[in-house]
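In what follows, a structure is listed as structure tokens, so that the remarks can point back to it.
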Amino acid sequence: MEQKTKPAQEEKIMKTSASRRALLKGLAVGAGAGAIGAELLNVGVLSNTHAHAQGTGAALTKGDVAILRFLSAAEILEGADPVNLDKFRTLPSSKATGAQQIGRLTNLMQLSVDTSYWTKYRSRTKNPDFGDTFPPAVPGLLQGQFPAIPRDDNDLHPKKHIQAIANTAGFHFAFIEQGGTSLYPSLAQRVSHPEVLRILLSIGPTETAHFQTWHDKAGNAPALTDPTNGLVFPDLNAPPFGGEDFQTNLIMPEPTIFLSRKFPPVSIIRPTQTQGAAMGAAKALTDDGLFIGQSKEFFRVLQELAEEADEAQRG
Ligand SMILES: [Fe+2]
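In this text, residue positions in the sequence shown follow our numbering: the first is 20, and each later residue adds one.
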């Protein structure tokens with residue numbers, strides 16, 4: 020559906036995301052400050068009283084803390100909010116008129132967007148957790164590095180070029196959100212403390228809401244070829260595309276196999292397997308080109324956060 024987001028609505032969305040990041044940040048910073056558990060339980064969200072009231076005991080496991088820290092970093096990378104990744108805000112801003120000239124954490128100007136989520140969520144017979152792979156909806160987006168924002172005022176024309184940039188952004192943000200859609204349920208399986216689980220279960224589905232919205236928006240991207248670089252956005256509703264695997268008005272997750280091939284198909288988030296989920300997310304964002312230009316130290320920190328989250332064991 021064609022839909023315009025009102026500025027006021029956008030502002031509200033930004034505020035909501037910012038407070039969510041602040042929550043995870045508060046938890047993660049508490050965790051980084053030293054004694055695990057006690058600090059976290061003092062930040063107000065995870066109160067001792069509440070934990071005891073639930074009969075769960077007060078202590079967070081090392082794994083719980085690692086998961087919160089990784090998710091906090093992932094949230095910061097997805098949106099805005101400087102915090103503990105502040106020193107990595109070194110990437111240049113767009114030079115286009117009106118762009119704020121500040122150091123950036125992420126690079127939106129050299130993306131190679133994997134649009135296989137498009138067919139993954141439409142498949143009726145396959146599931147990435149079974150090792151299945153999926154063709155991208157826009158193969159061209161994987162065959163180069165493309166801007167999702169104008170790099171400077173030269174990118175504002177010709178018309179098909181700036182439209183291609185907008186199309187790239189639409190597919191890119193859906194890619195990011197479907198990653199978050201899988202990340203939360205994947206990591207939730209290794210959380211120990213009930214309130215940490217509550218946090219993941221409360222935030223995760225909002226990622227799904229973001230994904231569905233961007234999925235719908237990306238479906239409105241007009242078919243075109245960018246005359247400046249040959250990037251093709253195919254008509255997803257016509258051969259050789261089209262049909263149930265590509266058509267743009269089918270944005271509900273199709274029922275597919277889950278847990279066992281013997282079970283009947285069910286509409287699910289995919290993938291949700293938990294082994295290496297954080298490292299998988301870090302790799303997907305890196306492959307997307309989001310961190311092109313970042314320092315070695317940035318990648319070391321990201322890998323460390325992801326590895327620690329993946330080491331978490333459900334206690
Ligand atoms: Fe999101």
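Here a beta-carbon is modelled for each residue, glycine too, at the ideal position from N, C-alpha and C.
- Query: Where in the region 262 to 306 do unbroken runs of the beta strand (DSSP E), each at least 3 residues long, occur, reported from the N-terminal end onward?
  - Reply: none
- Task: Report the partner residues of Phe165 according to the DSSP bridge assignment.
- Result: Leu130
- Message: Using a 10 Å radius around the Cβ and a threshold of 16 neighbouring Cβ atoms, would you call Asn61 buried or exposed?
- Response: Caution is warranted here: a pLDDT of 33 is assigned to Asn61, below 50, making its placement in the model unreliable, and no coordinate value can be reported.
- Message: Using the three-state DSSP reduction, which class does Leu79 fall into: helix, strand or coil?
- Response: coil
- Item | Proximity to Gly199 [Cα-Cα], best of Ile181, Leu104, Thr244, Pro290 | Pro290
- Query: Do Ala240 and Gly308 have their C-beta atoms within less than 8 angstroms of each other?
  - Reply: No. Outside cutoff.
- With DSSP run on the structure shown, which of helix, strand or coil describes Val320? helix
- What is the DSSP secondary structure of Phe89, reduced to helix, strand or coil? helix
- Message: Below 7 angstroms, is the gap between the Cβ of Gly189 and the nearest heavy atom of ligand 1?
- Response: no
- Query: Do Asp264 and Asp133 have their CB atoms nearer than 8 angstroms?
  - Reply: no
- Item | For Ala300 and Phe194, the rounded distance between their alpha carbons | 11 angstroms
- Whose CA, out of Val210, Leu250, Gln164, Lys281, lies closest to the CA of His180? Leu250
- Item | Met347 burial status per 10 Å Cβ neighbour count (16 or more: buried) | The structure shown does not extend to residue 347, since the chain is modelled only from 20 to 334, so the question has no answer here.
- Query: Between Asp254 and Ile288, what straight-line distance do the alpha-carbon atoms span, to the nearest angstrom?
  - Reply: 26 angstroms
- Nearest-angstrom Cα separation, counted from Phe107 out to Gly262: 44 angstroms
- Message: I need the straight-line Cα distance from Gly238 to Asn268, nearest angstrom please.
- Response: 7 angstroms
- Does the Cβ of Gly223 lie closer than 7 angstroms to at least one heavy atom of ligand 3? No copy of ligand 3 occurs in the structure displayed; its ligands are ligand 1 alone.
- In terms of residues, what are the limits of the alpha helix (DSSP H) holding Phe312? In the sequence as displayed, the identity of residue 312 is Gly instead of Phe. From DSSP, Gly312 is part of no alpha helix (DSSP H); its letter is neither H nor E.
- Please specify which runs of the alpha helix (DSSP H), each continuous and at least 4 residues long, are wholly inside the region 157 to 220, giving them in chain order. 178 to 207
- Going by Cα to Cα distance, which pick from Arg280, Pro177, Lys315, Arg319 is closest to Phe149? Arg280
- Comparing alpha-carbon positions, which option in Gln197, Gly223, His191, Glu196 lies nearest Leu206? Gly223
- Inter-residue Cα distance where the pair is Ala54 and Leu79: Below a pLDDT of 50, predicted positions are generally treated as unreliable, and Ala54, at 32, falls in that range; no measurement from the model is reported.
- Whole-Å CB distance - Ala93 paired with Leu202, under 8 angstroms assumed: Going by Cβ atoms, the distance from Ala93 to Leu202 rounds to 7 angstroms, so yes, they are a contact pair.
- Determine which residues share a DSSP beta bridge with Thr247 and list them. Answer is none; Thr247 lacks a bridge partner.
- Query: What residue does the alpha helix (DSSP H) around Lys139 start on, and which one ends it?
  - Reply: Boundaries of the alpha helix (DSSP H) around Lys139: 136 to 139.
- Query: So, using beta-carbon positions, are Glu4 and Phe153 closer together than 8 angstroms?
  - Reply: Examination of residue 4 is not possible in this model, given that the chain is present from 20 through 334 alone.
- Task: Could you tell me whether any non-hydrogen atom of ligand 1 is closer than 7 angstroms to the CB of Gly198?
- Result: no
- Query: Leu216 to Asp83, Cα distance in whole Å?
  - Reply: The alpha-carbon atoms of Leu216 and Asp83 are separated by roughly 9 angstroms.
- State the beta-bridge partners of Phe252 as determined by DSSP. Leu243
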